[in-house]
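**Student:**
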Amino acid sequence: MQYRQLYYFVRIVEAGSFSQAARTIHVAQPALSQQIAELEASLGIALLQRSARGIRPTAAGQRFYEQASSILRRYENLPGLVRSRIGEIEGSVSLGMPASLSTTLVGPFIERCRAAHPRITLRFIDGDSEFLREEVEKSRLDLALAFEDAFFPVVHRQPLFQQNHYLISNKLAAPRAGPTITLAEVSKIPLVLPGHLNARRIVIDRTFAEAGLSLNLAAEAVTVASELSAVRSGAASTIMNLGDMSGFGDFSQPLLIEPMFYLTCCIIWSNEVPLTLAAEGVRKLLIEFLREHIETTKRPGAMWLD
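Printed below as a string of structure tokens:
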């Protein structure tokens with residue numbers, strides 16, 4: 241088994257096809273096919289399922305992909321790890337953020353990180369908290385910010401702040417002027433919400449059930465982008481743990497829902513793969529950055545946890 245075989249395999253799985261992977265990594269497609277065939281022969285098992293629509297990993301291939309991508313990431317971090325121990329911290333750090341944070345925080349944090357650690361390269365990934373936690377758990381992300389309701393013992397975490405929930409509507413469809421709205425009033429408004437396994441949806445369902453109220457569910461959305469698209473069109477409103485929509489476009493002033501309910505924003509990292517010096521530096525800097533952000537901007541509905 242060779243390094244390039246691991247590298248090619250990971251890139252093919254991520255691209256979803258041999259042709260796309262070949263274009264991305266600038267390797268001839270026949271060479272990719274030959275290397276994967278040799279890899280499968282050496283392991284004695286099929287790793288990829290091929291079809292007219294592309295490729296996907298087999299069950300064994302998925303497990304191999306998770307381990308191979310972790311190995312490659314650690315391999316790529318080795319030069320920075322060695323140099324960090326003899327001088328200035330350097331390396332590449334992958335950081336995940338949910339859209340409710342990344343829209344306004346990525347740019348300022350890049351500036352802060354470049355000033356504090358100019359030899360660290362950040363790689364940002366957006367996604368919902370469940371996806372980001374899974375990526376950390378599988379060692380495909382160094383660090384992530386995630387909003388959580390229950391603290392699953394599959395990653396290390398440090399709770400940072402609690403964030404209350406708001407009703408978000410199209411400007412023309414806003415039910416009333418702020419600043420607050422009751423659970424009973426919200427229960428009468430058509431809503432588009434994330435699916436049942438999403439932490440935000442879980443805490444919303446529980447809060448309304450405990451109040452003896454039913455949700456007026458118009459639709460479910462897989463991504464925040466599609467959720468907000470439905471709200472922007474006026475088809476429905478939504479409930480988000482975000483009290484300032486200025487970074488998202490043309491929405492009404494968020495209405496704080498009372499009685500209040502919250503999710504906890506945590507910084508999470510793998511409990512199996514130790515953080516590199518670069519990742520540890522970013523972790524400490526991000527905590528400091530978020531504390532200052534919440535204090536100076538008075539982020540609506542946010543309460544820092546000491």
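Numbering (the numbering used here), first residue to last: 241 to 546. Positions of the beta carbon are idealized from the N, C-alpha and C atoms, including for glycine. Keep in mind the model is a prediction, meaning the values are calculated, not measured.
Beta carbon of Gln275, beta carbon of Tyr248: below 8 Å?
**Tutor:** Yes; because the gap between Cβ atoms is below 8 Å, this pair is in contact.
**Student:** Could you give the DSSP three-state label for Ile479: helix, strand or coil?
**Tutor:** Correct three-state label for Ile479: strand.
**Student:** Here's a check: name, in chain order, each residue in its chain whose Cβ is nearer than 6 Å to the Cβ of Pro399, leaving out the five neighbours to either side.
**Tutor:** Correct list, in chain order: Thr504, Cys506, Leu545.
**Student:** How far does the alpha helix (DSSP H) with Glu377 in it reach, from first residue to last?
**Tutor:** 369-377 is the extent of the alpha helix (DSSP H) around Glu377.
**Student:** Using the DSSP secondary-structure output, state which residues sit across from Tyr406 in a beta bridge.
**Tutor:** Beta-bridge pairing links Tyr406 to Met480, Leu496.
**Student:** Could you give the distance in angstroms between the alpha-carbon of Leu361 and the alpha-carbon of Lys538?
**Tutor:** The question names Leu, yet the displayed sequence has Thr at residue 361. Distance between the alpha carbons of Thr361 and Lys538 is about 29 Å.
**Student:** Judging by CA-CA distance, which residue of Glu351, Val267, Gly256, Phe501 is the nearest neighbour of Arg244?
**Tutor:** The candidate whose alpha carbon is nearest that of Arg244 is Val267.
**Student:** What is the DSSP secondary structure of Ile507, reduced to helix, strand or coil?
**Tutor:** Correct three-state label for Ile507: strand.
**Student:** In terms of DSSP beta bridges, what is Ile360 paired with?
**Tutor:** According to DSSP, Ile360 bridges with Gly331.
**Student:** Looking only at its chain, what residues have a beta carbon closer than 8 Å to the beta carbon of Arg547, apart from the 5 residues adjacent to it on each side?
**Tutor:** Because the chain spans 241 through 546 in this model, residue 547 falls outside it and cannot be assessed.
**Student:** Rounding to the nearest angstrom, what Cα-Cα distance links Leu385 and Ser369 in this structure?
**Tutor:** One C-alpha to the other measures close to 8 Å.
**Student:** To the nearest angstrom, how far is it from the Cα of Ala518 to the Cα of Cys353?
**Tutor:** Taking the straight line joining both Cα atoms gives about 11 Å.
**Student:** For Gly294, which beta-bridge partners are listed by DSSP?
**Tutor:** Note: Gly294 sits in a beta bridge opposite Ser291.
**Student:** CB Phe349 to CB Phe501, shorter than 8 Å?
**Tutor:** Contact flag unset, no.
**Student:** Which whole-angstrom value is the C-beta distance of Ile421 and Leu407, which I expect to be below 8 Å?
**Tutor:** Indeed they touch by this definition, with Cβ atoms about 5 Å apart.
**Student:** Contact check, Gly474 vs Leu381 under 8 Å by CB: the rounded distance?
**Tutor:** Not a contact, Cβ separation roughly 36 Å.
**Student:** Would you identify the three-state DSSP class for Gln242, choosing helix, strand or coil?
**Tutor:** Reduced to three states, the DSSP call for Gln242 is coil.
**Student:** In whole angstroms, what is the alpha-carbon distance linking Ile527 and Ala277?
**Tutor:** Going by the C-alpha atoms only, they are around 46 Å apart.
**Student:** By the three-class DSSP mapping on this structure, what secondary structure does Arg441 have?
**Tutor:** DSSP places Arg441 in helix when its eight states are reduced to three.
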